[in-house]
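Residue numbers (our numbering), protein chains in the order written: chain X, 10 to 367; chain F, 10 to 367.
For each residue, glycine too, the CB sits at the ideal point set by N, CA and C.
Note that the structure is predicted; figures quoted are calculated from it, not measured.
Structure, as structure tokens:
Following this line, the structure appears as structure tokens:
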């Protein structure tokens, strides 16, 4: 069909499709930075209680907001919930008024959805390269001009796993015009070990900062889609009005509240991540493979010019990792930290493949 | 905090909050046009199978699209899935290019989200009044001008329960410029009894029409949030690119596929709706209360100047119905058709209240 409707429709590129391989058994899934464990038994049991209420529209999330607020010493009015962090990113973009030219500053590379969503909402993404694999706050400050409406900061940064520190972030905020919304996406914050990680929560009352967190990573609820944002009351209120009613499903609301209450589960997940990280560091060192020390649940590994080929070979062994060609890091793969068994399967698989190549 | 950020943030009105009353026992919930029954046992059993996979991002929905396509004799490429019909409405609005002035034509009253979402996405809603509680396709055609980008048609129309017919719809399409996207929201189509209801599916290859359907109503999955759209391949492809990756949660995908396969469940739901409709018609007639004959799972009832008061009195009896003041129908309430027991509780409650008023 060639109707004149096509003149009016935007041609947006497709979001790059990840290899997921559904529920098929036998795969080692290290490509999507998921939690390798099923969710907290608390979450599962609460979901089961709600199964026979699924014909009703979702609860309004008020109790969950109160629980999240309490967890951070904030009020429910400081809390936004969304259909994954992705919806919170969209709400930020939707909330800002459009003038003739509007730009969004994004680190390059960082989480791919920032740039894609910015384009969908009619912003021009301004990309500021990382320096030594780290977010360059000074260069981001220098890139600000009258057209800048939002800045997306990814901390830890995906796909590098690096962080910027509290001192640099506070200096950055102080120096920034107060008419720019700063969205700090901390999807991987629970995994951070560094003591210098910013305390952004203390800044929300003085600066237009919204912090995004998620239940998809450390809490193991990726399949249910729920993230949250923390910010100053009026900003939260304006962002919330751009939200679809009922965008967060009932099970996600129920499960998130239960998951937040089960901090023992979180502790175990973080212990596994630390152990896996040390194991992978040491295995990679013994193979003389370069990697970027990480504060997240994934490691950026430099494989060299064979990186895409190695990814395919790992795939043949049913080991999923992410080749970073789409991030202009063609010599790298990003590997999620799995269970100890999965980490071992990955290391053995990688060893075998590299041996056959040499 | 008064930062200059507020100059740049849109002030969008809040979506009107419905009275839901969560899981509390003893309520008769007839205010949100939900299915009064829990979802199909097939859906529940498949959700239970997936509980321990919730740490993974959702499957890509390919199998569900194929199943929906097959159900309507279409290809998977003709099918969109979204986080409730609401996300499909948003995708339609996001997909169109913006020029200086863009308008969306909407019947007044119809589903409230069309106008709210249009404003969020920078369109001006042009509202065309119903005639005799019915969508006025002729007046909608007359309202079209160079600024018109989309038309939302709600069939059956919420909150009136009325339909436009196949003949009028086909004539309407034939006469319409082909550069306007026509979104036909058929959320309540499964409940229609009239033989004159349009077959929109036959029009997607010749006209820029996208049909929206949902699993929230007849299939009883409102809490999980999943709707779908059917349209011509290229239009579906462009709309899909505006979609959040992973916007539909894993349980919704799983449950929808199982629900679609359980047509026995659907049949029982429709039988209950027909029985409830006849029962309510006859009860209202015996009380000499005016109502609009419905093709959906709700009935628009004319209570008179006391309608808001009656709604509050019903609420005191733990019976939730929707007063339609927000729809400029202040003398009306909208009552969802419940189980037979619920319908009886509503009729008895209404009788008692009206008796006390007279």
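In the DSSP assignment, what are the bridge partners of residue 194 of chain X?
-> Mapped onto the first chain, residue 194 of chain X falls at position 185. DSSP, once it has assigned bridges, lists X:163, X:221 as partnering residue 194 of chain X.
Taking DSSP as the reference, what is the three-state secondary structure of residue 16 of chain F?
-> If you number the second chain from 1, residue 16 of chain F lands on position 7. Here residue 16 of chain F sits in helix by DSSP.
Residues from the segment 47-67 of chain F in contact with chain X, defined by Cβ distance under 8 Å = 47, 48, 52, 53, 56, 57, 59, 60, 61, 62, 63, 64, 65, 66, 67
Cα separation between residue 57 of chain X and residue 177 of chain F?
-> Counted from its first residue, the first chain places residue 57 of chain X at position 48. Counted from its first residue, the second chain places residue 177 of chain F at position 168. The straight-line gap from Cα to Cα measures roughly 47 Å.
So, using beta-carbon positions, are residue 207 of chain X and residue 174 of chain X closer together than 8 Å?
-> The residue given as residue 207 of chain X occupies position 198 in the first chain. The residue given as residue 174 of chain X occupies position 165 in the first chain. Yes, these two residues count as a Cβ contact at 8 Å.
Beta carbon proximity, residue 10 of chain X to chain F, threshold 8 Å = In the first chain, counting from the first residue as 1, residue 10 of chain X sits at position 1. Residue placement at residue 10 of chain X is poorly supported in this model, since its pLDDT is 49, which falls under 50; the coordinates are not used for a value here.
So which residues on chain X does residue 231 of chain F lean against when the C-beta distance must stay under 9 Å?
-> Taking the first residue of the second chain as position 1, residue 231 of chain F is located at position 222. Under the 9 Å cutoff, chain X gives 63, 64, 65, 66, 67, 255, 259.
Alpha-carbon to alpha-carbon, residue 319 of chain X and residue 357 of chain X | Here residue 357 of chain X refers to the residue found at position 348 when the first chain is read from its first residue. Here residue 319 of chain X refers to the residue found at position 310 when the first chain is read from its first residue. If I take the Cα positions, the gap works out to 13 Å.
Residue 254 of chain X, DSSP secondary structure in three states = On the first chain, residue 254 of chain X is found 245 positions in, with the first residue counted as 1. Here residue 254 of chain X sits in coil by DSSP.
Just the Cα atoms here: how many angstroms apart are residue 181 of chain F and residue 153 of chain X?
-> Counting from one through the second chain, the residue named residue 181 of chain F turns up at place 172. Counting from one through the first chain, the residue named residue 153 of chain X turns up at place 144. One C-alpha to the other measures close to 50 Å.
Residue 308 of chain X lies in the beta strand (DSSP E); which residues open and close that run?
-> Walking along the first chain from the start, residue 308 of chain X turns up at place 299. Element bounds for residue 308 of chain X: 307-311.
Is the Cβ-Cβ distance between residue 294 of chain F and residue 99 of chain X less than 8 Å?
-> Translated into positions along the second chain, residue 294 of chain F becomes position 285. Translated into positions along the first chain, residue 99 of chain X becomes position 90. Their beta carbons are not under 8 Å apart, which means residue 294 of chain F does not touch residue 99 of chain X by this criterion.
Show which residues of chain F have a CB atom less than 8 Å away from the CB atom of residue 131 of chain X.
-> Within the first chain, residue 131 of chain X is the residue found at index 122, counting from 1. Going along chain F in sequence order, the residues near residue 131 of chain X (Cβ under 8 Å) are 107.
Residues that residue 95 of chain X contacts on chain F, provided the C-beta gap is smaller than 8 Å = Against the first chain, residue 95 of chain X aligns to sequence position 86. Ordered by position in chain F, the residues that pass the 8 Å Cβ test against residue 95 of chain X are 253, 254, 255, 256.
Could you name the residues of the segment 205-237 of chain X whose beta carbon sits closer than 8 Å to any beta carbon of chain F, in the order they occur along the chain?
-> 214, 215, 216, 217, 225, 229, 230, 231, 232, 233, 234
State yes or no: is the beta carbon of residue 7 of chain F nearer than 8 Å to at least one beta carbon in chain X?
-> There is simply no residue 7 of chain F to check, as chain F begins at 10 and stops at 367 in what is shown.
Minimum length 3: unbroken beta strand (DSSP E) runs contained in the segment 90-117 of chain X | 112-117
Within 8 Å (strictly less), CB to CB, does residue 13 of chain F reach chain X?
-> Indexing the second chain from 1 puts residue 13 of chain F at position 4. Cβ-Cβ to chain X under 8 Å: yes for residue 13 of chain F.
Partner residues on chain X for residue 166 of chain F, Cβ-Cβ distance less than 8 Å | Reading the second chain from its first residue, position 157 is the one you call residue 166 of chain F. None at all; the shortest Cβ gap to chain X is about 19 Å.
Run the CB neighbour count on residue 109 of chain F, radius 10 Å, all protein chains shown included, and call it buried at 16 or more, exposed below.
-> In the second chain, the residue the question calls residue 109 of chain F occupies position 100. Residue 109 of chain F is exposed by the Cβ-count criterion.
Buried or exposed for residue 335 of chain F, please, with buried defined as at least 16 other CB atoms from any protein chain shown within 10 angstroms of its CB.
-> As a first step, residue 335 of chain F must be located in the second chain, where it is residue number 326. Residue 335 of chain F is exposed by the Cβ-count criterion.
Examine chain X for any beta-carbon lying closer than 8 Å to the beta-carbon of residue 150 of chain F, and answer yes or no.
-> As a working note, residue 150 of chain F is residue 141 in the second chain. No, residue 150 of chain F does not count as interfacial toward chain X.
For residue 260 of chain F versus residue 69 of chain F, is the C-beta distance shorter than 8 Å?
-> Walking along the second chain from the start, residue 260 of chain F turns up at place 251. Walking along the second chain from the start, residue 69 of chain F turns up at place 60. Their beta carbons are not under 8 Å apart, which means residue 260 of chain F does not touch residue 69 of chain F by this criterion.
Kindly say whether residue 277 of chain F, judged by its beta-carbon, lies nearer than 8 Å to any beta-carbon of chain X.
-> As a position in the second chain, residue 277 of chain F is number 268, starting the count at 1. So, not an interface residue.
How many angstroms separate the CA atom of residue 264 of chain F from the CA atom of residue 228 of chain X?
-> Along the second chain, one-based indexing puts residue 264 of chain F at 255. Along the first chain, one-based indexing puts residue 228 of chain X at 219. When rounded, the distance between both Cα atoms is 23 Å.
Let me know the secondary structure DSSP gives residue 144 of chain F once reduced to three states.
-> Within the second chain, residue 144 of chain F is the residue found at index 135, counting from 1. Coil at residue 144 of chain F, not helix or strand.
Coil, strand or helix - residue 136 of chain X by DSSP = Taking the first chain and counting its residues from 1, the one referred to as residue 136 of chain X is at position 127. Here residue 136 of chain X sits in strand by DSSP.
So what's residue 10 of chain F in DSSP terms, helix, strand or just coil?
-> Reading the second chain from its first residue, position 1 is the one you call residue 10 of chain F. With a pLDDT of 49 at residue 10 of chain F, under the threshold of 50, the predicted position of this residue should be treated as unreliable, though the coordinate-derived value follows. Note: residue 10 of chain F maps to coil in three-state DSSP.
Count the other CB atoms, across all protein chains shown, that sit within 10 Å of the CB of residue 38 of chain X; report buried if there are 16 or more and exposed otherwise.
-> In the first chain, the residue the question calls residue 38 of chain X occupies position 29. It is buried - the Cβ of residue 38 of chain X has at least 16 other Cβ atoms within 10 Å.
Residue 357 of chain X CB to nearest chain F CB: under 8 Å?
-> Numbered from 1 along the first chain, position 348 holds the residue referred to as residue 357 of chain X. By this cut-off, residue 357 of chain X is not an interface position.
If we ignore side chains and look at the alpha-carbon of each, how far apart do residue 251 of chain F and residue 105 of chain F end up?
-> Taking the first residue of the second chain as position 1, residue 251 of chain F is located at position 242. Taking the first residue of the second chain as position 1, residue 105 of chain F is located at position 96. Distance between the alpha carbons of residue 251 of chain F and residue 105 of chain F: 10 Å.
Using a Cβ-Cβ cut-off of 8 Å (strictly less than) and excluding sequence neighbours within five positions of residue 304 of chain X, which residues of its own chain qualify?
-> Numbered from its first residue, the first chain carries residue 304 of chain X at position 295. For residue 304 of chain X, where only same-chain residues beyond five positions count, the Cβ hits under 8 Å are 165, 170, 171, 172, 197, 200, 201, 202, 203, 206.
Hey, out of F:96, F:79, F:354, whose CA is closest to residue 71 of chain F's CA?
-> In the second chain, residue 71 of chain F corresponds to position 62, counting from 1. Cα-wise, what sits closest to residue 71 of chain F is F:79.
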